[in-house]
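Residues 349 to 602, numbered by my numbering, are exactly what the sequence shown covers, in order. Glycine residues also receive a C-beta, built at the ideal position from the N, C-alpha and C atoms. Everything on this sheet refers to the single structure shown next.
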Amino acid sequence: MTTITTATTSKKLSSVSVVFPAYNEELNIENTILKAIEVFSKYFEEVEVIPVNDGSSDKTGEIIDRLQKEHKEVHPIHHPQNKGYGGAVKSGLFGGKNDYIFFSDSDGQFDLEEVSLLLPLIKDNDIAIGFRAHRADPWHRKLNAFCWGTLVKLLFGIKAKDIDCAFKLFKREVIDSVTLESNGAMVSTELLAQAGLMKFKLAQVGVSHYPRQAGEQTGANPWVILKAFIELFKLYGKLKHSTPAPKKAGAQNQ
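Given below as structure tokens:
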């Protein structure tokens, strides 16, 4: 599904855990967290925001701890050492306690208000994800993403238009059912591939994407890319010879 629609119901959903992996995001993390509290409180009865400080060497951790004292919704996770993007995402996803789990990046490249586009989709599906309608990244990142996405679709048959778009909403049952091993850039591929094998329903919609306002991106690092491709073929070998696990009994969703 690609038509952009907004939530039309005034009834709030039950509860959501909002996950933000963060590595050296001192210039972005406060605005991201405060915006998340504002936006998600409009659509959910209960909100917890989980910033995952992935061994940052700047003031990201200090800012998160201050916000925890100021806002009851903030429930941080701190990694003493950097575990990688996938490691931070996993800590947040599995650390969330609520009926719905959303994750995005903490660098402000997405408009959190557009979670309203995902809400109509999650009603009749298990996963609602965004795809970047107009990606605001340098050409080399766009090229990397195109090559990666094409290969992933060929190997796993994933239906997502933009596999690594960090704008995803899940029902609790999905996260309770998957087992994630990736600590790197392949975490979304691993998650969606397993969810697909277990027949979870996915819907998608175009979302806005903006240039990073501050800080530096790490995803285009050649070593990060190489590790992702190594993990990709390991996952393919693993899933090719595995039997899909049954869906686990998850929390009730409203």
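Alpha-carbon spacing of Ser464 relative to Lys586, whole angstroms: If you number the sequence shown from 1, residue 464 lands on position 116. If you number the sequence shown from 1, residue 586 lands on position 238. Whole-angstrom Cα-Cα distance: 36 Å.
Best match in Cys495, Pro428, Ser525 for proximity to Asp474 [C-alpha to C-alpha]: By one-based count along the sequence shown, residue 474 stands at place 126. Comparing Cα-Cα distances from Asp474 to each of Cys495, Pro428, Ser525, the minimum goes to Ser525.
Beta-bridge pairing of Arg480 - partner residues as DSSP gives them: Counting from 1 along the sequence shown, the entry for residue 480 is found at position 132. BP columns for Arg480 point to Val555.
Sequence-distant residues of its chain with Cβ nearer than 7 Å to Lys360 (five each side left out): By one-based count along the sequence shown, residue 360 stands at place 12. For Lys360, where only same-chain residues beyond five positions count, the Cβ hits under 7 Å are Tyr391, Phe392, Glu393.
Same chain, Cβ closer than 7 Å to Lys509, neighbours up to 5 away in sequence not counted: Taking the sequence shown and counting its residues from 1, the one referred to as residue 509 is at position 161. Counting only Cβ-Cβ distances below 7 Å, and skipping sequence neighbours, we find Phe479, Gln552.
For Ile506 and Val535, the rounded distance between their alpha carbons: Looking up residue 535 in the sequence shown gives position 187. Looking up residue 506 in the sequence shown gives position 158. Val535 and Ile506: Cα-Cα distance of roughly 14 Å.
Validate contact between the stretch 424-436 and the stretch 398-413 using beta carbons, cut 8 Å, 3 pairs: yes
Spatially closest choice to Gln416 from Asp472, Ile385, Lys431, by CA coordinates: Translated into the one-based positions of the sequence shown, residue 416 becomes position 68. The residue with the shortest Cα to Cα distance from Gln416 is Ile385.
Exposed unless 16 or more other CB atoms sit within 10 angstroms - verdict on Asp453: Within the sequence shown, the letter at position 105 stands for residue 453. Answer is buried; the Cβ neighbour count reaches 16.
Segments assigned alpha helix (DSSP H), at least 4 residues, entirely inside the stretch 410-462: 433-443
Buried or exposed by the 16-neighbour rule on C-beta atoms within 10 Å, applied to His482: In the sequence shown, residue 482 corresponds to position 134, counting from 1. By the neighbour-count rule (16 or more Cβ atoms within 10 Å), His482 is not buried but exposed.
Short Cβ contact (8 Å threshold) for Ile573 with Leu540: As a working note, residue 573 is residue 225 in the sequence shown. As a working note, residue 540 is residue 192 in the sequence shown. Result no, Cβ atoms of Ile573 and Leu540 do not sit closer than 8 Å.
Proximity below 8 Å, CB of Phe450 to CB of Val400: Within the sequence shown, numbered from 1, the residue matching residue 450 stands at position 102. Within the sequence shown, numbered from 1, the residue matching residue 400 stands at position 52. Their beta carbons are not under 8 Å apart, which means Phe450 does not touch Val400 by this criterion.
Simplified DSSP assignment, three categories, for Val526: If you number the sequence shown from 1, residue 526 lands on position 178. DSSP places Val526 in coil when its eight states are reduced to three.
Sub-8 Å separation of Gly409 and Gly532 beta-carbons: Numbered from its first residue, the sequence shown carries residue 409 at position 61. Numbered from its first residue, the sequence shown carries residue 532 at position 184. For Gly409 and Gly532, no; Cβs fall outside 8 Å.
Rounded straight-line distance, which links the Cα of Glu521 to that of Lys471: For this step, residue 471 is matched to residue 123 along the sequence shown. For this step, residue 521 is matched to residue 173 along the sequence shown. Computed Cα separation, rounded: 14 Å.
CB contact flag (Asp455, Asn372, <8 Å): For the purposes of this step, residue 455 is identified with residue 107 of the sequence shown, where counting begins at 1. For the purposes of this step, residue 372 is identified with residue 24 of the sequence shown, where counting begins at 1. Going by C-beta atoms, Asp455 is not nearer than 8 Å to Asn372.
Inter-residue spacing [alpha-carbon to alpha-carbon] between Pro486 and Gly434: The residue given as residue 486 occupies position 138 in the sequence shown. The residue given as residue 434 occupies position 86 in the sequence shown. Cα to Cα, the separation comes out at about 22 Å.
Check: Thr527 C-beta below 7 Å from any heavy atom of the ligand HEM: This structure lacks the ligand HEM; in fact it carries no ligand of any kind.
Residue environment, Tyr558, which counts as buried when at least 16 other CB atoms sit within 10 Å: The residue you call residue 558 lines up with position 210 of the sequence shown. By the 10 Å Cβ count, Tyr558 comes out exposed.
Leu491 versus Ala476: straight-line alpha-carbon distance, rounded: Start at 1 with the first residue of the sequence shown, and residue 491 comes out as number 143. Start at 1 with the first residue of the sequence shown, and residue 476 comes out as number 128. About 25 Å.
Alpha-carbon to alpha-carbon, Asp447 and Asp459: Locating residue 459 in the sequence shown gives position 111, counting from the first residue. Locating residue 447 in the sequence shown gives position 99, counting from the first residue. Going from the Cα of Asp459 to the Cα of Asp447 covers about 22 Å.
Reduced DSSP secondary structure (H/G/I, E/B, other) of Ser362: Taking the sequence shown and counting its residues from 1, one reaches residue 362 at position 14. Reduced to three states, the DSSP call for Ser362 is strand.
Contacting residues, own chain, Cβ-Cβ under 6 Å from Leu503 (five flanking each side not counted): Along the sequence shown, read from residue 1 onward, the residue named residue 503 stands at position 155. Closer than 6 Å at the Cβ level, and outside the excluded window around Leu503, lie Tyr584.
Nearest-angstrom Cα separation, counted from Phe442 out to Ile411: What you label residue 411 is simply residue 63 of the sequence shown in a count that begins at 1. What you label residue 442 is simply residue 94 of the sequence shown in a count that begins at 1. In a straight line, the C-alpha of Ile411 is about 23 Å away from that of Phe442.
Cut-off 6 Å between Cβ atoms - residues of its own chain near Gln542, not counting five sequence neighbours on either side: Reading the sequence shown from its first residue, position 194 is the one you call residue 542. Cβ within range, chain order: Val526.
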